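As given, the protein sequences belong to chains A and B, one line each in that order.
Be aware that the first sequence starts at 1, since it is given in the numbering used here, and climbs by one per residue.
Be aware that the second sequence starts at 1001, since it is given in the numbering used here, and climbs by one per residue.
We treat Cβ as the ideally placed atom computed from N, Cα and C, and that holds for glycine.
None of the values given here were measured: they were computed from a predicted structure.
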Amino acid sequence: NAGVTQTPKFQVLKTGQSMTLQCAQDMNHNSMYWYRQDPGMGLRLIYYSASEGTTDKGEVPNGYNVSRLNKREFSLRLESAAPSQTSVYFCASSRTDSYSNQPQHFGDGTRLSIL
Amino acid sequence: AQSVTQLDSHVSVSEGTPVLLRCNYSSSYSPSLFWYVQHPNKGLQLLLKYTSAATLVKGINGFEAEFKKSETSFHLTKPSAHMSDAAEYFCVVWMDTGRRALTFGSGTRLQVQP
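Here's what the structure looks like:
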């Protein structure tokens, strides 16, 4: 029962470096999401993919890019990391985004520090 | 615009006593509402969801929540706290406004004292 798997779990970067956060789900879900979690702010949506082949900006997309590689995988890329991107990043998936009663399933997060 | 407010950032209870975590939402639409729990260094796990069926919703681990439209509230309760309930709890709202995404409250950290 893997559910949503994120790699890596921890990462430290220097300002200006790039990296890609990986996410894969094995529940045959259509929709996938990337969030960031900062203290006292809940989770904020960065990007989402309603279905394979589509991606849309969320609330805080600046400084990020995403790729929906296939139905299972959705990656998040930081092209030039900045200290303001220090956060915990969560990937989630849901069967579809079109119905209000679809819960999202979350990975365990990637803890990213930018020095 | 939709929003959700968790009225307490921290709640501390003794083991065996009731738990009340408060959540208010604002919405121009009929929302779907969720409570998620996050244990340390883990992702979020769904506790329960409200989707316009019964207003009293039962979830996992003995938690329940009541949707009160007149008060725009969706408070989470549990009759008797257990040590394993110590975690952060998020009230979350979903509305079909075109941008189909969840809006999260800022979270309530629940401490359970022995």
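- Note that the C-beta distance between residue 1056 of chain B and residue 1087 of chain B is not below 8 Å.
- Contact check for residue 89 of chain A against residue 109 of chain A passes: the beta carbons are separated by less than 8 Å.
- When secondary structure is reduced to three states using DSSP, residue 1088 of chain B falls in the strand class.
- Where residue 1049 of chain B is concerned, the enclosing beta strand (DSSP E) starts and stops at 1044-1050.
- Counting C-beta pairs closer than 8 Å gives fewer than three between the stretch 1003-1017 of chain B and the stretch 1061-1069 of chain B, which falls short of the contact rule.
- In terms of beta-carbon proximity, residue 1078 of chain B stays away from the interface with chain A, with every pair separated by 8 Å or more.
- Between residue 27 of chain A and residue 105 of chain A, the beta carbon gap of about 7 Å places them in contact (Cβ cut-off 8 Å).
- Residue pairing by DSSP places residue 108 of chain A in no beta bridge whatsoever.
- Per the coordinates, the alpha-carbon of residue 1104 of chain B lies some 13 Å from the alpha-carbon of residue 39 of chain A.
- Contact between residue 7 of chain A and residue 17 of chain A fails: their C-beta atoms lie close to 17 Å from each other, not under 8 Å.
- By the rule that beta-carbons nearer than 8 Å mark a contact, residue 1067 of chain B does not touch chain A.
- A straight line joining the alpha-carbon of residue 44 of chain A with that of residue 87 of chain A spans about 11 Å.
- Interface criterion not met: the Cβ of residue 53 of chain A is under 8 Å from no Cβ in chain B.
- In the DSSP assignment, residue 1109 of chain B falls within the beta strand (DSSP E) that extends over 1108-1113.
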